[in-house]
Each structure stands twice: as structure tokens, then as C-alpha cells.
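These notes concern the structure reproduced below.
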Amino acid sequence: MRISAAQRTENENRIRAAMDRLLRGEIPGDGKRDIKTLATGAAVDRTAFYGTRPCAHLRTEFERRLQALQQAGEIPDPREAQIVRLRDVAAAASGVSRLPAPRSTIIGTSS
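Using my numbering, read the sequence shown as starting at 3 and increasing by one per residue.
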């Protein structure tokens, strides 16, 4: 089904607004910084971002902007950062370091 020029402009505006939110770090609890979350946030079908579909250029723009911010070190993936932080907290709470402690005895010898 074809969409009008006004509908296409409206869709692009919603996608760009969702893109800006994601790149600012406003990520929904169940989402990531990816095309699926972008499509959900803009209320458009995810398939519109692939191939020769109308929003494929916006997918390229989103990926380019995301990569530029990641290379600049400005936005680590918050989920990955949270995983690392929670691992460090758990290790500190249990007194276990990230690396196993060296063994004080040699396996296979009798003492």
C-alpha cells in the first residue's frame, strides 16, 4: 500500500524524534539502541528500514550516528555497562576477585 507524501514526512519526523531519544540515552526498559527499538519508538514497521523500503536511509543514518558516538566514547551500551557494574558489585560483596586465586597445592601429589 502506498503512502502519501504527508504520511511519509510524518513517519520520518517520528523516526527522527525516536532516533534522537535513543541516542540521548532514553532507552525503554525492554529495549536497546537498535533498529527494533527505533521502530517501536516511532510506531513504524521494522521492515520499513531494510532493502529499498522508504526508511532504509534513516536506518543508515541511525547506525552512522550511533557508531560515531560509540567511537567518541560518549555512549557505551547501558546494558553492557550495567552488567559489568553488577559483576563488580557481586564480586566485591562475595570477596571473590574476577580471576581465580592461585592454588596453594599441586594436584596429583601426596603431602
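All C-beta atoms in this analysis are idealised placements derived from N, C-alpha and C, irrespective of residue type, glycine included.
Quick caveat: nothing in here was measured; it's all calculated off a predicted structure.
Spatially closest choice to Arg32 from Arg26, Leu25 and Thr42, by CA coordinates:
The sequence shown places Asp at residue 32, rather than the Arg named in the question. That would be Thr42, whose Cα lies nearest to the Cα of Asp32.
Distance between Gly75 and Leu40 (C-alpha atoms, nearest Å)
21 Å
For a quick check, are the C-beta atoms of Leu24 and Arg35 less than 8 Å apart?
Cβ atoms of Leu24 and Arg35: closer than 8 Å.
Expressed to the nearest angstrom, what Euclidean distance is found between the alpha-carbon atoms of Gly89 and Gly27?
Per the sequence presented here, residue 89 reads as Arg, with Gly not at that position. Using only the alpha carbons, I get a separation of about 22 Å.
Between which two residues does the alpha helix (DSSP H) containing Arg48 stretch?
Segment: none, Arg48 is in no alpha helix (DSSP H) and carries neither H nor E.
Taking Ala7 as part of the alpha helix (DSSP H), name the residues at either end of that continuous run.
Ala7 to Arg26
Starting from the Cα of Ile37, find the closest Cα among Gln9, Ala95 and Arg67 and give me that residue.
Arg67
According to DSSP, simplified to helix, strand and coil, what is Ala74?
coil
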